[in-house]
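Contents: one structure, followed by commentary.
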Amino acid sequence: MAFGKLTITTENGELEEYELTRPTTSIGRQPGNDIVLPTSAVSRYHAQVDAAEGQVFLVDLGTVNGSFVNDQQVEANGRVALKDGDVVQLGDVRLVFSSPRRGTGPLSAHPIEHVVENIPIRLVLDDPQQPVAPGSFLQFALVIENHSGVERVFTVEAGGMDGDWIRINRREVRLADDDQTEILISVRPPRSSATRPGRYPLRVRVAYKDDPAKVVELLREVDVMVFAGMAMAMKAGRQPGNYHLAVQNQGNQLLELELSGYQADKLLGFSFTPPQFTIDSGQTQQILLRVTPNGSIPPGERVSFAAVAHSRDVAHYTAPLLGYYREPRGGRSAGWLAGLLGLPVLVVLGLLVVALILVGLVAGDVVRLPGALSEGPEAAQPIAVSATPLPPTSPPLPTAIPTPVVNLTSFGATPAQLTFGTAEQVEFTWVVDMPGNVKSYQLRENVTRTLVPLSVSAPSVARFDIDAADLVDTFGWGSHDYTLTVTGVDDVPRSATASLEIDPVLCTLQTPAEIHLAPDTSSGPAIATPPSHQVVIAGRTADKTAVQVWDLGTHKKLGWVNAADLSCPVTPEFSDYIVLTPGPSPTNTPAG
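Sequence positions in the sequence shown follow our numbering and run 1468 to 2059.
As structure tokens, this is what we get:
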């Protein structure tokens, strides 16, 4: 389902159209955005388009050059609803928004429902109709209704693709007759070169636990998108001016690259072998780079340059790699000889020189050899030594001492997957080398790009605890990616990403029921009546008589209800929920 499209006019007058098929579409200069605008006037992460509340919004991400809709600037980190024909200006790029439903009111973001009624159960599985990028997740909601006439336990399975891609928040549910519940199924293909793009089947099976032959199977198709990624390393060869490059395709599609060199003052020339090549996903290509001076460079002087990889696909991204060239001391011929001879030959020649000097000293009677070698008349005779002087050799080139930097070696979340209400906190942990060089930490949720406040020191092994409820309150349920960026004293950011999945378990609130400010629901006025009979448990009292519940749709805290008024799945058990200290509800006010 498309929420609309953006049309871009390129420099040569051609039109490029981008269908808005995802709830959030990122736009920026950095490769990896959904829409990449390769111009310096656009920030790395400039803006995003959100489909929410039945409308489509342009959201500015706090950029330098700003975002404009119909010549009106969008407030930094603010949003503006888009209408059909609106003109969006990002830097020097002009985009036109088109609504897929011209003149028919607001957009509908509701999924398409499909129903199967082969046996006395009814299944409804939504259809997001959008592709999923490797490393991201796509979530399906499966509704199960029991119409068998008796209470039953149902088992839920999903397959058709790699089982590690699929997560189900509940694989077993108990339902009374004419009751229903919702199961969340997440599909997350890994961000790996082994994840091939294409269409994959998702088969969902629901069966009676006591009679597996009574089964209903639904089929969906999941489109896995392509993504580009590469890594490049460079090492100086033994001969001055020679460099060995290794380029690895870390994406999941064929990578076509072209190499070039850059030196700001044009002091160097570059020759790559090969200059153009194609690498399959997961493969590595070896390249020889020959750097030659275009002018006179003083011996021993270091000149910085960049080896630049240019992609030859529609993204047209560039990836520079910094290197250094140093003119050999004693001229290029000396450096050539040192490189040709190598260390073993130089050692032998050094020993030969020492031997010749020793012979000269003995001949000049400066040094007397012991024993019979120094006796007799022959010893007093001068010995003529004729030796051709050895060509000067270059001393070893000094090693450049790099500026101390920070190396982020690991980052993860513990637990990586949890059921909401069964764990109070999530631990983000990471390991850094040379923590004394850390300038700043930054933790960000990837979809909304919202910063998570950090308060940590800089040990080599760092840990930051945050309440799981705070994360859900801010970002909602399901799977989310969090990126930790560590910036060193060299002002170079280094990032790593960790995935965290917090899944809700739906419980049914009996009718009539009330939500209270405190766990003691037997006294005091109710602060609200439930907006829905479907609620999520966030925790319980120590005596298990009252539970705190949240609203599924808004992922906000509601208050406390009597535990006897709730009907919940078999798993997790009631004792698995955490014990909460009573406190006021921030989202409700007393009735009346």
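Glycine included, each C-beta is placed from N, C-alpha and C at the ideal position.
As the structure is a computational prediction, the values presented were derived from the model and not from experiment.
Between Glu1723 and the set His1783, Gly1736, Gln1884, the nearest pair of CA atoms involves His1783. The three-state reading of DSSP puts Thr2008 in coil, since its state is none of H, G, I, E or B. Spatial neighbours of Gly2006 in its own chain (CB-CB distance under 6 Å, excluding positions within 5 residues in sequence) are listed in chain order as Gly1888, Gln2015, Tyr2044, Ile2045, Leu2047. When only Cα atoms are considered, Gln1892 and Asp1940 end up about 13 Å apart. In the three-state DSSP reduction, Gly1495 falls in the strand class (E or B). Secondary structure remark: continuous alpha helix (DSSP H) runs of at least 4 residues inside the region 1608–1675: none found. Ser1907 is classed as exposed because its beta carbon has fewer than 16 other beta carbons within 10 Å across all chains shown.
Restricting attention to Ser1603, Glu2040, Ile1764, Ile1586, the CA atom closest to the CA of Pro1490 is found in Ser1603. Inclusion of Arg1655 and Trp1632 in the CB contact set at 7 Å is warranted, their separation being smaller than that value. In this model, Phe1895 and Thr1881 are separated by some 7 Å (Cα to Cα). In the DSSP annotation of this structure, Ala1936 is not part of any beta strand (DSSP E); the continuous alpha helix (DSSP H) holding it starts and ends at 1935–1942. Of the residues assessed, Thr1917 falls on the exposed side of the cut-off, its CB having fewer than 16 other CB atoms within 10 angstroms. If you compare the alpha carbons of His1777, Ser2042, Ala1985 with that of Ala2009, the shortest gap goes to Ser2042. Going by beta carbons, Ile1475 and Leu1528 fall outside the 7 Å limit. Comparing alpha-carbon positions, the option among Leu1875, Asp1780, Leu1885, Gln1909 lying closest to Val1898 turns out to be Leu1875.
In the same chain as Asn1913, and ignoring 5 residues on each side of it, the C-beta atoms closer than 8 Å to its own belong to His1947, Asp1948, Tyr1949, Thr1950, Thr1964, in chain order. By DSSP's assignment, Phe1887 forms no beta bridge with any residue. Beta-bridge annotation (DSSP): Lys1472 is paired with Glu1486, Ser1565. According to DSSP, residue pairing for Ile1586 in a beta bridge does not occur. Contact between Ile1588 and Ser1615 holds, with the beta-carbon distance rounding to 7 Å and staying under 8 Å.
Check the Cα spacing between Leu1976 and each of Ala1935, Gln2001, Pro2039, Gly1955: the tightest is with Gln2001. Thr1785 has His1777 as its beta-bridge partners, per DSSP.
Here the alpha carbons of Leu2019 and Asp1970 stand approximately 11 Å from one another. C-alpha of Phe1737 to C-alpha of Gly1728: approximately 6 Å in a straight line.
In the DSSP secondary-structure assignment, Tyr1908 is bridged to Val1953. The C-alpha of Gln1522 is placed about 8 Å away from the C-alpha of Leu1549.
In the three-state reduction of the DSSP assignment, Phe1524 falls in the strand class. Annotated three-state conformation of Ala1600 is coil, per DSSP. The three-state secondary structure of Pro1760, taken from DSSP, is strand. The shortest C-alpha to C-alpha distance from Asn1636 to any of Ser1660, Gly1626, Ala1608 is the one to Ala1608. When secondary structure is reduced to three states using DSSP, Ser2042 falls in the helix class.
Residue burial is scored here from C-beta neighbours: Pro1601 has at least 16 other C-beta atoms within 10 angstroms and is therefore classed as buried. The Cβ neighbour count for Thr1886, taken over all protein chains shown within 10 Å, is at least 16; the residue is labelled buried.
Exclusion of the five residues before and after Gln1556 leaves Phe1535 as the residues of its chain whose Cβ lies within less than 7 Å of its Cβ. Pro1971 sits in coil when the DSSP states are folded into three classes, being neither helix nor strand.
Distance between Lys1681 and Phe1621, taken at the CA atoms: about 10 Å.
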